[in-house]
Amino acid sequence: MESAASRLDAVRSNIARACKPARRKPEDVTLIAVSKTHQADAIQPVIDAGQRVFGENRVQEAQGKWPALCEAHPDIALHLIGQLQSNKAEEAVALFDCIHSLDRPSLLTALAKAMDKAGRQVPCFVQVNIGDEAQKGGCPIAELPAFLAEVRATAIPLAGLMCIPPADTEAAPFFAFLAKLAADNGVTGLSMGMSGDYETAVMLGASHVRVGTALFGAR
Ligand SMILES: *Cc1c(COP(=O)(O)O)cnc(C)c1O
Numbered sequence: 001m002e003s004a005a006s007r008l009d010a011v012r013s014n015i016a017r018a019c020k021p022a023r024r025k026p027e028d029v030t031l032i033a034v035s036k037t038h039q040a041d042a043i044q045p046v047i048d049a050g051q052r053v054f055g056e057n058r059v060q061e062a063q064g065k066w067p068a069l070c071e072a073h074p075d076i077a078l079h080l081i082g083q084l085q086s087n088k089a090e091e092a093v094a095l096f097d098c099i100h101s102l103d104r105p106s107l108l109t110a111l112a113k114a115m116d117k118a119g120r121q122v123p124c125f126v127q128v129n130i131g132d133e134a135q136k137g138g139c140p141i142a143e144l145p146a147f148l149a150e151v152r153a154t155a156i157p158l159a160g161l162m163c164i165p166p167a168d169t170e171a172a173p174f175f176a177f178l179a180k181l182a183a184d185n186g187v188t189g190l191s192m193g194m195s196g197d198y199e200t201a202v203m204l205g206a207s208h209v210r211v212g213t214a215l216f217g218a219r
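Residue 1 is where the sequence shown starts when you use our numbering, and the numbers rise one by one after that.
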């Protein structure tokens, strides 16, 4: 079995290789190790190998395993990458250092209130429904400029735009489109790319890649 350290090395060198043609620096790409469904005993070796940024997609699952790990490693940053219900905003703000799924005015209101109450402003990516899929979360493309204006009217730090391209299609056009939407709207961060396509995402400007399977194995 491959070790956590060698998997991490492989992903990091793939990111560095993808940076070259794009004339980007590897240190400008944040690798988020997506540990959803994996328990602490699988996460610990990745922490020991030096990884400090982790992603989870459910508030409740993260609450069960991360407080103890974070206590032992206070320099860990936790990112919420999955959909968030407004009634979980306070819990999310208490646990996470960054939220990637801000996608609607009601959630914006709930998060702004939760952050004010906690006295802690958590940077948020605005998730865009880049493939215009009815079943998926994300702000509709047509509503993005107005929603970004709403976000900018709050104290919440805008981290960038996030997307999950449609499954089973070439992701590159969707990554390029998200980069264009960001440029058109004066946004700099781009959270895009998963195990199957993070190198492509890096070539197209990703500032954050969310990689699970390539680091932890199949779920
Ligand atoms: C699970 C998940 C990932 C990681 O997916 P892998 O294919 O395992 O790398 C990335 N982003 C989101 C939003 C996810 O839910």
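Ideal Cβ placement from N, Cα and C applies to all residues, glycine included.
{"Asked": "Nearest candidate by alpha-carbon position, reference E150, set G131, L102, G119 and L80", "Found": "L102"}
{"Asked": "Limits of the unbroken beta strand (DSSP E) element including F125", "Found": "C124 to Q127"}
{"Asked": "Closer than 5 Å: residues whose CB approaches a heavy atom of ligand 1", "Found": "V34, N57, I81, M194, S195, R210, V211, G212 and T213"}
{"Asked": "CB-CB length for G64 against S35, believed under 8 Å", "Found": "G64 to S35, Cβ: 12 Å. No contact."}
{"Asked": "Spatial distance of G217 from L69 (CA atoms)", "Found": "20 Å"}
{"Asked": "Segment limits, alpha helix (DSSP H) that includes I47", "Found": "A40 to D48"}
{"Asked": "For E56, the residue or residues it bridges with in DSSP", "Found": "L80"}
{"Asked": "Contact under 8 Å by Cβ, V211 with I32", "Found": "yes"}
{"Asked": "Contained alpha helix (DSSP H) runs [length at least 4] in the region 116-163, N- to C-terminal order", "Found": "144-152"}
{"Asked": "Separation of A155 from N185, as counted between CA atoms", "Found": "18 Å"}
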